[in-house]
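Chains as they are written, first to last, in my numbering: chain A, 1 to 136; chain B, 1001 to 1136.
Protein chains: 2
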Amino acid sequence: MLSKKTKYGLKALTFLASQEGRVPVQISEIAKHENISQKFLESILLTLRKTGLLGSKKGKGGGYYLIKDPKDIPMTTVMRVLEGPIAMVPCVSLNFYEKCEDCPDEASCSVHKLMLQVRDSTLDVFRNNTLADLVP
Amino acid sequence: MLSKKTKYGLKALTFLASQEGRVPVQISEIAKHENISQKFLESILLTLRKTGLLGSKKGKGGGYYLIKDPKDIPMTTVMRVLEGPIAMVPCVSLNFYEKCEDCPDEASCSVHKLMLQVRDSTLDVFRNNTLADLVP
DNA sequence: TATTATCCTATCGATTTAATAGAGTAAGCA
DNA sequence: TGCTTACTCTATTAAATCGATAGGATAATA
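What follows is the structure in structure tokens.
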């Protein structure tokens, strides 16, 4: 299940991508437009900034803005930052690999085999979509 | 992230599918073979039986067994029973549809658009795999 | 009737999630 | 300089979920 954090983050990013130019947009405006808890959104935007996806400006006329062109932001990046691993199981994760404690042999593991396929097909979707593609 | 319930359930089902004939297999044997907490597995097998995927037999020589041929059990069924909705968001779920409280219009929702693609590609994988395909 | 093994409910601790509170900091402007 | 604005950061919370465990009830076999 997609977390609200990711859901809100995606909506906020899409909203920023739909803006003309790179004018900073206030948290309150985004929260209002997307029906999101402002305080919660605050923390989400903070992590997006720390990851380098967003820039921010304090004080009057301040807010958040996209640093790169939406079409140069693949959804793989966004999803990994917001939701974490794309794979449903750590043992098939490209960026967050971990061995299973149970499971003596990955190669003969039925779960591994199936989840590898799921990861690949999901990855395809995220690789074929940039933030620009999400803007209506 | 795939829950342990689903992971264990998949392993147990695969193990049963790999058995010769339809001989009942004891919980303890499955748990031991797959390195799974026996008590936890107990509750998982119980739900699998209630859903009609497994049959059971009590007393000596008892245990669990597959009711249908592994190649007639699509992974869509298994995953929905164990993990629940395949979609990452209720508003794109075929079997567990729910409207989002926020989000005034699905058609113009960026999250909806993206998650629809993910659902379809994941569904493809599960539709193209039966339990028989998981057996090594 | 004794043994075996599933059935069922209840509970528990740990973790995660979503949200909130509140004080701190930097930028703009008069 | 001092005021206002708006992001920054830490801490806390309530609720939900997860994984696991305990223990007795029930049914089938020998």
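Each residue gets a CB set at the ideal place from its N, CA and C atoms; glycine is no exception.
Just so you know, these numbers come straight off a predicted model, no measurement behind them.
With 16 as the cutoff for other CB atoms within 10 Å, does A:MET1 come out buried or exposed? In the first sequence, residue 1 of chain A corresponds to position 1, counting from 1. Flag for A:MET1 reads exposed.
Interface partners of A:LYS11 on chain B, CB under 9 Å: Position 11 of the first sequence, counted from the start, is the residue given in the question as residue 11 of chain A. Within 9 Å Cβ-Cβ: ASP1102, CYS1103, CYS1109, SER1110, VAL1111.
Give a yes or no on whether the minimum CB-CB distance between A:GLN117 and chain B is below 7 Å. By 1-based counting over the first sequence, the position of residue 117 of chain A is 117. With 7 Å as the cut-off, A:GLN117 counts as an interface residue toward chain B.
In its own chain, which residues sit with a C-beta less than 6 Å from the C-beta of A:GLY55, not counting the 5 before and 5 after it? Translated into the one-based positions of the first sequence, residue 55 of chain A becomes position 55. TYR65, ILE67, listed in sequence order.
Beta-bridge partners of A:GLY55, as assigned by DSSP: Here residue 55 of chain A refers to the residue found at position 55 when the first sequence is read from its first residue. DSSP output for A:GLY55 lists A:TYR65 as bridge partner(s).
To the nearest angstrom, report how far apart B:LEU1046 and B:LEU1013 are at their CA atoms. Here residue 1046 of chain B corresponds to residue number 46 of the second sequence, with the count starting at 1. Here residue 1013 of chain B corresponds to residue number 13 of the second sequence, with the count starting at 1. Near 12 Å, if we compare the C-alpha coordinates of B:LEU1013 and B:LEU1046.
Helix, strand or coil at B:VAL1135 according to DSSP, with G and I counted as helix: Working through the second sequence from its first residue, we reach residue 1135 of chain B at position 135. Correct three-state label for B:VAL1135: coil.
If I follow the unbroken alpha helix (DSSP H) through A:GLY21, where does it start and stop? Numbered from its first residue, the first sequence carries residue 21 of chain A at position 21. Careful: A:GLY21 lies outside any alpha helix (DSSP H) and carries neither H nor E.
Under a CB-based cut-off of 7 Å, is B:VAL1089 close to chain A? By 1-based counting over the second sequence, the position of residue 1089 of chain B is 89. Interface residue, yes.
Is the beta carbon of A:ILE86 less than 7 Å from the beta carbon of A:THR130? Numbered from its first residue, the first sequence carries residue 86 of chain A at position 86. Numbered from its first residue, the first sequence carries residue 130 of chain A at position 130. No; because the gap between Cβ atoms is not below 7 Å, this pair is not in contact.
Within this structure, are the beta carbons of A:ARG127 and A:VAL92 separated by less than 7 Å? Mapped onto the first sequence, residue 127 of chain A falls at position 127. Mapped onto the first sequence, residue 92 of chain A falls at position 92. Against a cut-off of 7 Å, the Cβ pair of A:VAL92 and A:ARG127 comes out as no contact.
Assign B:THR1122 to one of two classes, buried (16 or more other C-beta atoms within 10 Å of its C-beta) or exposed (fewer than that). On the second sequence, position 122 is the one that residue 1122 of chain B refers to. When all chains shown are included, B:THR1122 counts as buried.
Host alpha helix (DSSP H) of A:VAL111 (start-end): Translated into the one-based positions of the first sequence, residue 111 of chain A becomes position 111. Per DSSP, A:VAL111 belongs to the alpha helix (DSSP H) from 110–127.
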